[in-house]
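K.L.:
Numbering (the working numbering), first residue to last: 1047 to 1398.
As structure tokens, then:
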């Protein structure tokens, strides 16, 4: 169902997403099933021929139908709540919103403000309270600026320059994080499923407060696509902060193999380097390979393999995905170090 009302130069639409997500671990006979609902209301009014004013509100409701696996509390909170002015060159948005950039798919050094997970077919990510402004000079050049709510007296802030030409798409990004409370984001740029082996390391070692971030990204689209994302973190000094620098560098490529209806091959490799205040360091290299094989018009099989080159641990995610109009199904299971972990996850998603 899609509800839309047009009143002269104004429109009001109501849509949403409903999904059922279930996880089952056979060895322990434990699992969980939850129902999620995100309704969305959008109001748009035309100011003149080339400019619009939009308002968006959405709310997330999650209800655990069954859970003997963890103690996750079912959330109910605003998912998006923003107003936007847009014309031919200006895109200004204020409120709870999604801010995401960079060409990466799975290993994403520039995942600074989003929590997008490649294993989640819904594309769900929490938003940030922010002011974001984009000025587009031409099809080749645009400048972003933003200010994000923090727990200090001043908001965090940053900006980004995007350049497109015949050589590819370029991006340079800066962010000053002014959050004073210590928090841990060392694996924010890596999916939880990858074999990282960080559990033996102290959370305090990776915790940090205020920091500066610099980013560089590039993408070229040709017969073989190529991209890179790079992120450099410089951590402010505190007595309870154990690190001072983080470096992340990722390179990826993709190619559609011209057999059957086209088999999509994608790979990303990222090196992570963390420097402590005593000049000791931790580093690791991870590679992921994604292979999508179409079965028919509605269905495809997807294999995602990941390896931690430090320990040579290997992880495989096998997925069967069906997409039909507004309805989709994702069924997946995992193999770690050559052993099937006898776990299943299935998601039913309906967009109206």
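Heads up, the beta-carbon is just placed ideally off N, CA and C, and yes, glycines get one too. For clarity, every value in this text was computed on a predicted model and none was experimentally measured.
If residue 1351 sits next to residue 1341, beta carbons under 8 Å apart, how far is it from one beta carbon to the other, in whole angstroms?
P.N.:
In fact, because the Cβ distance is near 19 Å, the residues do not count as touching under 8 Å.
K.L.:
Quick one: grab the DSSP three-state call for residue 1105.
P.N.:
Residue 1105: strand per DSSP, three-state reduction.
K.L.:
Starting from the C-beta of residue 1086, find all residues in its chain whose C-beta is less than 6 Å away, skip the five residues before and the five after it, and write them out in chain order.
P.N.:
1061, 1062, 1104
K.L.:
Should the segment 1264 to 1275 be called in touch with the segment 1119 to 1133, which here means at least 3 C-beta pairs below 8 Å?
P.N.:
no
K.L.:
Suppose you measure from the CA of residue 1106 to the CA of residue 1082; what does that come to, to the nearest Å?
P.N.:
7 Å
K.L.:
Sort 1356, 1161, 1373, 1143 by Cα distance to residue 1151 and report the nearest one.
P.N.:
1161
K.L.:
Got a sec? Which residues, its chain only, sit under 6 Å from residue 1298 by beta carbon, not counting five neighbours each side?
P.N.:
1273, 1314
K.L.:
Assuming residue 1189 is part of the beta strand (DSSP E), what are its boundary residues?
P.N.:
1187 to 1194
K.L.:
Tell me whether the beta-carbon of residue 1228 lies closer than 8 Å to the beta-carbon of residue 1254.
P.N.:
Result yes, Cβ atoms of residue 1228 and residue 1254 sit closer than 8 Å.
K.L.:
Along the chain, where does the beta strand (DSSP E) that runs through residue 1090 open and close?
P.N.:
1076 to 1094
K.L.:
Near residue 1097, what residues of its chain come up, given a Cβ to Cβ distance below 6 Å and the 5 sequence neighbours on each side ignored?
P.N.:
1133
K.L.:
Is it true that the CB of residue 1180 sits closer than 8 Å to the CB of residue 1188?
P.N.:
yes
K.L.:
Looking at C-beta atoms only, is the number of pairs between the segment 1373 to 1380 and the segment 1388 to 1395 that lie closer than 8 Å three or more?
P.N.:
yes
K.L.:
Between residue 1080 and residue 1212, what straight-line distance do the alpha-carbon atoms span, to the nearest angstrom?
P.N.:
Taking the straight line from one Cα to the other gives about 47 Å.
K.L.:
Distance check for residue 1158 and residue 1078, CA to CA, integer angstroms please.
P.N.:
29 Å
K.L.:
Within the segment 1282 to 1348, note down every full beta strand (DSSP E) run reaching 3 residues or more, in order along the chain.
P.N.:
1289 to 1303, 1309 to 1322, 1327 to 1340
K.L.:
To the nearest angstrom, how far is the alpha carbon of residue 1099 from that of residue 1290?
P.N.:
43 Å
K.L.:
Helix, strand or coil, according to DSSP, for residue 1170 in the structure here?
P.N.:
coil
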